[in-house]
Amino acid sequence: MSKHQIGIHVLTAYPPSNPNRDENGQPKTAIVNGVTRQRISSQCIKRAWRLSDLMKDFVRSTRTRGLGTEVEKSLVAGGTDAKVAKKRATAIAEVFGSVSKKKPPEHSEMVVIGQEEWDAALALAAVLTRENRDATEAELASLQRDTGAVDVSLFGRMRAAATKFNVDASVYVSHPLTTGKATIDADFWTSVDDLKQADEDADGGSGGMGDVEFGSGTYYTYVQVNQAALIDNLTAGDASALPQATELSRQVILKLIEAIANVSPNGHKTTFGNEVRASYLRVEVGQPSGNLFCKAFEEPISGTAKAVQALQVVAGAEAQAFSLHQKVFEFTTAQTLTSVLSCVAKELESA
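Note that our numbering numbers the sequence shown so that position 40 is 60, with each residue one more than the last.
Put into structure tokens, the structure is as follows:
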């Protein structure tokens, strides 16, 4: 039974904004062909999609350092001595990753915990509380589980200490880059102290000041979904779950496309109001063209309309040059997102 590859090309116009900033608070950038482009990291955009309301009905994992802390709270709440609870919670936490030496049982880095694993850890804590004992090696070894969480099935996870529980991502996501040259500007701001303003004897200085940097432009993003890999991840090693996983994969892909078109990162949204949606969406089902940024925008192109035209020309030429077998659905002013999703759904049902 064949499964689809789905390529999604997106152009999204951002007003002056700073949706994803670096360690200095500046908009992230990349240099392409000697020209600076504004950039959003793929990790940032994936998180926005993963946590969006459009994906909330699917089973999701939890990314946290705090599993051990929650287990410790559960043990203490059940009457376990605080020192003993910390020791037992640390043993459970160590199953999933290295524990902080300064703040045990907290993990030293973020760990992706499937709901199955979270439930198993808390269930074991309840047993240890009831029987007032330490966990056995067998009990600890049983805590790590395969997970069919949708976000893990899409974007993968890594377990350095237990590689058999690694999940390879079924979705590849580029860093969104502006199609044109990025010019970074700064907004110098001051805040007014309301009480000072009402006091005739107060100095006339501001209550605070600072600056925030920003840029604007049309971003190109490329996303590719391997449906066969997604289905395999969703089964979580259970071959009998294949029919349900296949149907779920269709639902997930459609919701992912919807999120890609509708959801943007939250960085400085209250400052710049950069709540944006896609200006153009091209979905290729079959043999996708791949990331076309450098072929379409190696030379900077400013303006969304020109960027759309350049992408369409390059994508068409790519499909012809490499004899790609693909069905193309485009969201433009002449085609609604609903109709695009409907067409893609029909293609996925034929797999």
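Idealized CB from N, CA, C, for every residue including glycine.
Here the structure is a predicted model, which is why all the values come from computation and not from measurement.
Beta-carbon spacing of residue i, residue j below 8 Å
{"i": "SER309", "j": "GLU338", "result": "yes"}
{"i": "VAL232", "j": "THR291", "result": "yes"}
{"i": "ILE26", "j": "VAL360", "result": "no"}
{"i": "PRO124", "j": "VAL91", "result": "no"}
{"i": "SER372", "j": "VAL132", "result": "The structure shown does not extend to residue 372, since the chain is modelled only from 21 through 371, so no value can be given for it."}
{"i": "VAL296", "j": "ALA33", "result": "yes"}
{"i": "TYR300", "j": "LEU31", "result": "yes"}
{"i": "SER284", "j": "PRO36", "result": "no"}
{"i": "THR149", "j": "THR100", "result": "yes"}
{"i": "LEU344", "j": "PHE351", "result": "no"}
{"i": "VAL373", "j": "VAL272", "result": "In the structure as shown, the chain begins at 21 and stops at 371. Residue 373 is therefore absent and cannot be evaluated."}
{"i": "ARG165", "j": "GLY134", "result": "yes"}
{"i": "GLN58", "j": "GLY176", "result": "no"}
{"i": "ILE60", "j": "LYS48", "result": "yes"}
{"i": "TYR240", "j": "PHE317", "result": "yes"}
{"i": "GLN10", "j": "VAL305", "result": "Any answer about residue 10 is impossible in this case: the structure gives the chain only from 21 up to 371."}
{"i": "GLY235", "j": "ILE204", "result": "yes"}
{"i": "TYR274", "j": "VAL364", "result": "At residue 274 the sequence reads Leu, which differs from the Tyr that was named. Yes."}
Top-ranked residue by Cα proximity to residue i, from the options
{"i": "SER173", "options": "GLY117, PRO196, GLY99, VAL79", "result": "VAL79"}
{"i": "ARG83", "options": "GLU129, SER120, THR352", "result": "GLU129"}
{"i": "GLY86", "options": "ALA141, VAL104, ALA155", "result": "ALA141"}
{"i": "PHE208", "options": "MET229, LEU215, LEU268, SER118", "result": "MET229"}
{"i": "LEU368", "options": "ILE277, GLY323, GLY287, ALA316", "result": "ILE277"}
{"i": "ALA146", "options": "ASP205, ALA298, VAL96", "result": "VAL96"}
{"i": "GLU152", "options": "LYS366, PRO196, VAL104", "result": "Per the sequence shown, the amino acid found at residue 152 is Asn instead of Glu. Of the listed residues, the one whose Cα sits closest to ASN152 is VAL104."}
{"i": "SER120", "options": "THR89, GLN346, TYR239, ASN44", "result": "THR89"}
{"i": "GLU136", "options": "ASP154, ALA158, SER162", "result": "SER162"}
{"i": "PHE116", "options": "LYS122, ALA102, LEU144, LEU160", "result": "LEU160"}
{"i": "ILE280", "options": "HIS29, LYS23, HIS24", "result": "HIS29"}
{"i": "SER62", "options": "ILE321, VAL55, ARG41", "result": "ARG41"}
{"i": "LEU331", "options": "ASP258, ILE251, TYR242, PRO263", "result": "TYR242"}
{"i": "ASP139", "options": "SER94, ASN253, ASN44, HIS127", "result": "SER94"}
{"i": "GLY257", "options": "HIS288, ASN286, PHE185", "result": "PHE185"}
{"i": "PHE313", "options": "PRO196, THR183, ASN294, LEU250", "result": "PRO196"}
{"i": "ALA335", "options": "SER322, GLU319, LYS315", "result": "LYS315"}
{"i": "THR56", "options": "LEU254, PRO320, SER269", "result": "PRO320"}
{"i": "ALA206", "options": "GLY45, THR183, ASN253, VAL212", "result": "GLY45"}
{"i": "SER20", "options": "ASN286, PRO263, ASN253", "result": "Nothing about residue 20 can be read from this structure; the chain reaches only from 21 to 371."}
{"i": "ALA341", "options": "SER322, SER370, GLN307", "result": "GLN307"}
{"i": "LEU144", "options": "SER118, GLY98, ALA102, LEU254", "result": "GLY98"}
{"i": "SER154", "options": "SER118, HIS127, LYS106, LYS122", "result": "Looking at the sequence shown, residue 154 is not Ser but Asp. Selected option, being the one with the closest Cα: LYS106."}
Residue span of the beta strand (DSSP E) that contains residue i, given as start and end
{"i": "GLN46", "result": "Looking at the DSSP string, GLN46 is not in any beta strand (DSSP E), and its letter there is neither H nor E."}
{"i": "SER37", "result": "25-37"}
{"i": "GLN355", "result": "Here GLN355 belongs to no beta strand (DSSP E), and DSSP marks it neither H nor E."}
N- and C-terminal bounds of the alpha helix (DSSP H) containing residue i
{"i": "GLN58", "result": "That residue, GLN58, is in no alpha helix (DSSP H); its beta strand (DSSP E) goes 55-58."}
{"i": "SER62", "result": "62-70"}
Contact test: residue i Cβ vs the ligand SAM heavy atom, cutoff 7 Å
{"i": "THR82", "result": "In terms of ligand content, the structure shown is empty, and the ligand SAM therefore cannot be addressed."}
Q: May I have a chain-ordered list of the beta strand (DSSP E) segments no shorter than 3 residues that lie completely inside the region 246-324?
A: Unbroken beta strand (DSSP E) stretches of 3 residues or longer found wholly inside the region 246-324: 300-306, given in chain order.
(Q) List, from N- to C-terminal side, the alpha helix (DSSP H) runs of 4 residues or more that fit wholly inside the region 133-164. (A) Restricting attention to alpha helix (DSSP H) runs no shorter than 4 residues, the region 133-164 encloses them at 135-151, 157-161, ordered along the chain.
**Q.** Three or more C-beta pairs below 8 Å linking the region 200-211 and the region 317-329
**A.** Yes, the region 200-211 touches the region 317-329.
Q: May I have a chain-ordered list of the alpha helix (DSSP H) segments no shorter than 4 residues that lie completely inside the region 84-142?
A: The region 84-142 contains these whole alpha helix (DSSP H) runs: 87-97, 102-114.
Q. Using 8 Å as the threshold, is the region 60-70 in touch with the region 99-112, meaning 3 or more CB pairs across them?
A. Cβ pair count under 8 Å is below three, so no.
Q.
Could you tell me which whole beta strand (DSSP E) segments of length 3 or greater appear in the region 168-218?
A. Segments of the beta strand (DSSP E) lying fully in the region 168-218: 191-193, 205-211.
Q.
Between the region 184-192 and the region 246-259, can you find at least three pairs of beta-carbon atoms closer than 8 Å?
A. In short, these stretches touch, since the Cβ pair count reaches three.
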